[in-house]
Each structure stands twice: as C-alpha cells, then as structure tokens.
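Engineer:
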C-alpha cells in the first residue's frame, strides 16, 4: 500500500505542476481552447476597458521626459516598388486612399493632410514585448479625415493597409470606431519635431495611443472602412493577429 | 418503536472556511499559470528598467542574456554566469538562448501571443478571485480577526520567540502564529494587490482610464519591475509555504484545506 511520505509528497509537489503544464501546452495548441477559453480574457478586457476607459486620454508627457533614443521596430523600410518611388520623390505624388464604406471615397496628398489642423502629443509607446519609449508625434486627427469622407452607417472598423511586408504579406491593422474618433488618434507625419523618419513609417503612421505598438501601423497607404473583419486577411483583423495569434484588442 | 435520535450536528467550526478553501485551490492552479506564462512574457524582453520608459538603449537594472552561448544574469553592475539555467542552455545538440528555460515557461517554446492569452485570461480569475476573497474575508472578519498581526505579536520579543519555535519545528499552537500572520498578511495586503495593480499599470488603456496607476508606481517600466519583484517574492512565499506544510504534517494540512478540518 503506498504511503504518502514527505519524500513522495515533495516529489509529487514538484512533478504535479510540471505534468499539469505539459497538459497546458497541449491545451494551448487546441484552437477551440484558445478561441473559447483563452479568447474570453481578451473579450473581457476589451469590454471592461471600453466601459471604464470611455474616451479617456493617454497621459501626455513633458519634452524633458522623452526617450533619448526611440528605437525602430518591425519593418524599418518598405520594399514595395511603388513605395520606393514615392520615397525617392519625397512623397510629392503620394496619396492616402480612404475608401470602403464611406460616402465620398477620396485621396489625400501629404500637403493636404498637413494643411488640416494638426495635433502634437508626447506619448508613451509600449511594445507588446515589454519595452516603452516616449516620443513626440505630430499629425492629422483621424476624425477630421473621416469627417471629410463620411462613414456609412454600416461601417464598424477601419483597416489600415501598409506598404511594408513580411515575407511578401503586406502589413495591415484595424481599429474600432471608438479608437478611430478618439482625440489622440492621429495620422502622424511628424516625429520629435521633424518629418516622420522612414524607420518609423514615413510618410504617415497611425498613432492609437491606448493600444500596443503593433496596432500603430506604419507606411500607411490606404484606409478602408468595413463592417466586419472576417474578409480582411485571415479574418482576425491584423497581420500579427492572423499569422501569430496576437490579440486584436491590444489595450493590455 | 422510537425513532433513532438524530445525530447532533458537529458544533466545531471548520479550520478553513469554504471561501478560503475554494480560493486556495483555484489559486494553486492560477499561480502556476500566471507565473509560467509571465516568465514567457518576460523572455520577450528580458530587461527591467525604472521610470516611465525603457528600451534596449536605455540603462536596465536587471538583464538576462547570452554572449557566445554563455548565459548570464546581470543585476546593476554585477554579472554572474548562469549557463544551463538562465540565458543559455544546451538542449540536445543545440544551444537555446531564452532567458528562462522551457520547463519554467508556458507555453514551453517561445510563443508570446499564446503566453499573453494565458496570462491575461487567468489574470481575470486571479483578480476576481482575490476581490471575492477580500470582500468575504472582510465581511466575515477572517482578515482582521485571524490574519492581521496584532501590535503585541510583532513586538521584537514575540517575533524572536516565534523564530525559536519555528527552529525547534514546534508548530503546536492555536490559530496562526506571528510569523505566519506576517507572511499571509504581507501576501494578502501587499503582494497580491501589488501584482494586480502593477499588472494593470502595464496596460496603456488602463493608464489612460486610471492615470493614478502611473503615479502610484512611478511609471510603466517601474511597474513592470515591481511586478517581477513581487512575483519573485510570491515564489519565495510559495516555497516557504510548501516547506511549512511538509514540516507541519502534509496529510493533516492538505486534508484540512480540502475538507475544512476542525479547529
């Protein structure tokens, strides 16, 4: 008859979690467990943060609090031929297409975007990996652009199509309309009092200040208003969401 | 024929209330999920900073890394070789250079997205469980009556007496002893709330909704450092907790935490 001695208890205490977590690897590999059980956390966080956060602004910092070096991340350039031609021309002939479920599809040149009332904000950028950097962003509030084109009533999300790619798949991201009309959501064409550098996504990158770095789409070429995300990429709403299972809602 | 007399209900109150027992075993699972998925998240950027910002070019106070296949842990200006455990280890024929080894992380191979899914889902279990336990323990006076150390108990003479009792492995006493109260109260009043709040401070949406979080911890990267330090202290608590269970009689202790036990 097995007797529970201190030695066997200790062995069990060490082995049980290890065995259990081998089971966790197996559970985590199950798409159903991932979507239903682990997906519930993302859903809860999204709903709870929308509820308590409302339209709260992200903290803005003093120039003295900025990072001395703001590292680049993701793609530092876009290989796309069309993009490279625009880059060589100083984006003189570049146009931001805004289409999809909008009343008046339009193209905006960089000069036109810069001619609209601009907003500057010194905010903290948080990478999903854990690091943070504080920089100054200047750009056109997205709400102004949306008011020019007029969203159709069935529009629910905005998809940002980008010039950069990973192994041939163009980058894309999406946000809901709460973030789209948030006062700090801007199409940034300036960074740290200069033109937005190529490494940070020239000519414009999205700033959506209450979410993590991978939502801040760089090299934005086109904004598409859609009613759902199922038809975008593989249906999860963004490049990293589709290829690696990152959370679409990245407020935490 | 008279009816058999009803067996009188046992008047003894249980040693552990149902709320305590349920929360204990939920946490036994949640603790390992949170710890191991947290270590995987740490592996994505194995450096810690103080202040609002912190990235590769900024000075970090702690770093786990690898140079030419040798793992190291650096704290401040002091670096120690940790090859085999932290930073780098040999798996089969190859050298793996993640900060924490696969046996300590969830999942066991690098997957930040999946670790975040585990961590940020079980964070709800952990936080709501703590909230329910805190409300119940304040309502039934468990926290104040049983766990909060009294001034006389934390007087140096009392603590010293309790240290000597522990060293003699003398655990025969009623209720909780002063060192035990300090440990439990420290976990419940400082470490667990601190883990939850420092975790929330790492959320950019929470920082917008509740900007006082940033002031409480002195910035997001400070909150990340404190989250790691508090997690380390909770691991230390768990080790001591398991050792004490072992020394005090594991069958009786575990049985009481399952069935409630008797006072």
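Chains as they are written, first to last, in the numbering used here: chain A, -4 to 247; chain B, 80 to 342.
We put the beta carbon where it would ideally sit given N, CA and C, even for glycine.
Please work out which residues of its chain come closer than 8 Å, Cβ to Cβ, to residue 223 (chain A), disregarding the five sequence neighbours upstream and downstream, and give them in chain order.
Structural biologist: On the first chain, residue 223 (chain A) is found 228 positions in, with the first residue counted as 1. 151, 152, listed in sequence order.
Engineer: Give me, in chain order, the residues of the same chain whose beta-carbon lies closer than 7 Å to that of residue 185 (chain B); leave out the 5 immediate sequence neighbours on both sides.
Structural biologist: Translated into the one-based positions of the second chain, residue 185 (chain B) becomes position 106. Excluding residues within five positions, the ones whose Cβ falls inside 7 Å are 112, 115, 116, 119, 194, 197.
Engineer: Look at the Cβ atom of residue 165 (chain B), then the Cβ atom of residue 150 (chain B), and state whether they are nearer than 8 Å.
Structural biologist: Translated into the one-based positions of the second chain, residue 165 (chain B) becomes position 86. Translated into the one-based positions of the second chain, residue 150 (chain B) becomes position 71. Cβ distance < 8 Å, so residue 165 (chain B) and residue 150 (chain B) count as in contact.
Engineer: Below 7 Å CB to CB, which residues in the same chain sit around residue 89 (chain B) once its five sequence neighbours on both sides are set aside?
Structural biologist: Counting from 1 along the second chain, the entry for residue 89 (chain B) is found at position 10. Annotation note: pLDDT 49 at residue 89 (chain B) (below 50); position unreliable, coordinate value reported separately. Hits under 7 Å: none found.
Engineer: Using a Cβ-Cβ cut-off of less than 7 Å, list which residues of the region 235 to 247 of chain A approach chain B; keep chain order.
Structural biologist: 239, 240, 241, 242, 246, 247
Engineer: Any heavy atom of the ligand MN closer than 7 Å to the beta-carbon of residue 200 (chain A)?
Structural biologist: As far as ligands go, the structure on display features none, and thus does not contain the ligand MN.
Engineer: Starting from residue 202 (chain A), find everything on chain B with Cβ-Cβ shorter than 9 Å and list it in chain order.
Structural biologist: As a working mapping, residue 202 (chain A) is identified with position 207 in the first chain. The contacting residues do not exist; residue 202 (chain A) stays about 12 Å from chain B at best.
Engineer: Using a 10 Å radius around the Cβ and a threshold of 16 neighbouring Cβ atoms, would you call residue 106 (chain A) buried or exposed?
Structural biologist: As a working note, residue 106 (chain A) is residue 111 in the first chain. Classification for residue 106 (chain A): exposed.
Engineer: Mind listing the chain B neighbours of residue 60 (chain A)? Cutoff is C-beta to C-beta under 7 Å, in chain order.
Structural biologist: Within the first chain, residue 60 (chain A) is the residue found at index 65, counting from 1. Close to residue 60 (chain A), with beta-carbon spacing below 7 Å, are these residues of chain B in chain order: 131.
Engineer: Quick one: what does DSSP say residue 189 (chain B) is sitting in, helix, strand or coil?
Structural biologist: Within the second chain, residue 189 (chain B) is the residue found at index 110, counting from 1. In this structure, residue 189 (chain B) counts as coil in the three-state DSSP scheme.
Engineer: Nearest-angstrom Cα distance between residue 86 (chain A) and residue 269 (chain B)?
Structural biologist: Working through the first chain from its first residue, we reach residue 86 (chain A) at position 91. Working through the second chain from its first residue, we reach residue 269 (chain B) at position 190. One C-alpha to the other measures close to 54 Å.
Engineer: According to DSSP, is residue 209 (chain A) helix, strand or coil?
Structural biologist: Locating residue 209 (chain A) in the first chain gives position 214, counting from the first residue. Here residue 209 (chain A) sits in helix by DSSP.
Engineer: DSSP on residue 157 (chain A), reduced to helix/strand/coil?
Structural biologist: In the first chain, counting from the first residue as 1, residue 157 (chain A) sits at position 162. Residue 157 (chain A) falls in the strand class under three-state DSSP.
Engineer: Of all the alpha helix (DSSP H) runs that stay within the bounds of the region 201 to 266 of chain B, which reach a length of 4 or more residues?
Structural biologist: 235 to 246, 257 to 265
Engineer: In whole angstroms, give me the CA-to-CA distance for residue 164 (chain A) and residue 227 (chain A).
Structural biologist: As a first step, residue 164 (chain A) is located in the first chain; it is residue number 169 there, counting from the start. As a first step, residue 227 (chain A) is located in the first chain; it is residue number 232 there, counting from the start. Rounded to whole angstroms, residue 164 (chain A) to residue 227 (chain A) spans 12 Å at the Cα level.
Engineer: Can you give the beta carbon distance from residue 147 (chain A) to residue 204 (chain A), rounded, assuming they're within the 8 Å contact cut?
Structural biologist: One-based indexing of the first chain puts residue 147 (chain A) at position 152. One-based indexing of the first chain puts residue 204 (chain A) at position 209. About 26 Å; that fails the 8 Å criterion.
Engineer: What is the DSSP secondary structure of residue 132 (chain A), reduced to helix, strand or coil?
Structural biologist: As a working mapping, residue 132 (chain A) is identified with position 137 in the first chain. In this structure, residue 132 (chain A) counts as strand in the three-state DSSP scheme.
Engineer: Measure the beta-carbon distance from residue 124 (chain B) to residue 126 (chain A) and round it to whole angstroms, keeping in mind my assumption that it falls under 8 Å.
Structural biologist: Counted from its first residue, the second chain places residue 124 (chain B) at position 45. Counted from its first residue, the first chain places residue 126 (chain A) at position 131. About 5 Å separates the two Cβ atoms, so the contact holds.
Engineer: Starting from residue 121 (chain A) and walking both ways along the beta strand (DSSP E), at which residues does that stretch end?
Structural biologist: In the first chain, residue 121 (chain A) corresponds to position 126, counting from 1. 114 to 121 is the extent of the beta strand (DSSP E) around residue 121 (chain A).
Engineer: Could you check which residue in B:257, B:223, B:205, B:214 has the C-alpha nearest to that of residue 235 (chain B)?
Structural biologist: Locating residue 235 (chain B) in the second chain gives position 156, counting from the first residue. Distance check between residue 235 (chain B) and each of B:257, B:223, B:205, B:214 places B:257 closest, using alpha-carbon atoms only.
Engineer: Can you tell me the Cα-Cα spacing of residue 315 (chain B) and residue 206 (chain B), whole angstroms?
Structural biologist: Looking up residue 315 (chain B) in the second chain gives position 236. Looking up residue 206 (chain B) in the second chain gives position 127. When rounded, the distance between both Cα atoms is 20 Å.
Engineer: At 7 Å on the CB atoms, spell out the chain A contacts of residue 277 (chain B), in chain order.
Structural biologist: Indexing the second chain from 1 puts residue 277 (chain B) at position 198. Ordered by position in chain A, no residue passes the 7 Å Cβ test against residue 277 (chain B), which lies about 13 Å from the chain.
Engineer: Please report the distance separating the alpha-carbon of residue 312 (chain B) from that of residue 220 (chain A).
Structural biologist: Position 233 of the second chain, counted from the start, is the residue given in the question as residue 312 (chain B). Position 225 of the first chain, counted from the start, is the residue given in the question as residue 220 (chain A). So the two alpha carbons sit approximately 48 Å from each other.
Engineer: Taking only beta-carbon positions, decide if residue 116 (chain A) is within less than 8 Å of chain B.
Structural biologist: One-based indexing of the first chain puts residue 116 (chain A) at position 121. Not an interface residue.
Engineer: Measure from the alpha carbon of residue 140 (chain A) to the alpha carbon of each residue in A:212, A:116, A:111, A:58, then state which is nearest.
Structural biologist: For the purposes of this step, residue 140 (chain A) is taken as residue 145 along the first chain, with counting starting at 1. Comparing Cα positions, the closest option is A:111.
Engineer: Please report whether the beta-carbon of residue 187 (chain B) lies at a distance below 8 Å from any beta-carbon of chain A.
Structural biologist: Along the second chain, one-based indexing puts residue 187 (chain B) at 108. Yes, residue 187 (chain B) counts as interfacial toward chain A.
Engineer: Along chain C, in chain order, which residues have C-beta atoms closer than 8 Å to that of residue 135 (chain B)?
Structural biologist: Absent here is chain C; the protein component of the structure consists of chains A and B.
Engineer: Below 8 Å on C-beta distance, what does residue 25 (chain A) contact in chain B?
Structural biologist: Counting from one through the first chain, the residue named residue 25 (chain A) turns up at place 30. Ordered by position in chain B, no residue passes the 8 Å Cβ test against residue 25 (chain A), which lies about 11 Å from the chain.
Engineer: Going along the chain, which residues of the region 194 to 228 of chain A sit with their C-beta nearer than 8 Å to a C-beta in chain B?
Structural biologist: 204, 205, 206, 207
Engineer: Helix, strand or coil for residue 333 (chain B), going by three-state DSSP, please let me know.
Structural biologist: Locating residue 333 (chain B) in the second chain gives position 254, where the first residue counts as 1. It is helical.
Engineer: Could you check whether the Cβ of residue 93 (chain B) sits closer than 8 Å to any Cβ belonging to chain A?
Structural biologist: Mapped onto the second chain, residue 93 (chain B) falls at position 14. Not closer than 8 Å to any Cβ of chain A, the Cβ of residue 93 (chain B) fails to qualify, so no.
Engineer: Is the beta carbon of residue 156 (chain B) less than 8 Å from the beta carbon of residue 301 (chain B)?
Structural biologist: Within the second chain, the letter at position 77 stands for residue 156 (chain B). Within the second chain, the letter at position 222 stands for residue 301 (chain B). Against a cut-off of 8 Å, the Cβ pair of residue 301 (chain B) and residue 156 (chain B) comes out as no contact.
Engineer: Tell me the DSSP secondary structure of residue 139 (chain A) in three-state form.
Structural biologist: If you number the first chain from 1, residue 139 (chain A) lands on position 144. Correct three-state label for residue 139 (chain A): helix.
Engineer: Distance check for residue 101 (chain B) and residue 330 (chain B), CA to CA, integer angstroms please.
Structural biologist: On the second chain, position 251 is the one that residue 330 (chain B) refers to. On the second chain, position 22 is the one that residue 101 (chain B) refers to. One C-alpha to the other measures close to 18 Å.
Engineer: Please look up how many angstroms separate the CB atoms of residue 274 (chain B) and residue 307 (chain B), rounded, as I've assumed it's under 8 Å.
Structural biologist: To locate residue 274 (chain B), count along the second chain from 1; it is residue 195. To locate residue 307 (chain B), count along the second chain from 1; it is residue 228. So it is not a contact: roughly 10 Å between Cβ atoms.
Engineer: Taking C-beta pairs closer than 8 Å, name the residues in chain A that residue 142 (chain B) reaches, listed in chain order.
Structural biologist: Along the second chain, one-based indexing puts residue 142 (chain B) at 63. Those within 8 Å of residue 142 (chain B) in chain A number zero; the least Cβ separation is about 12 Å.
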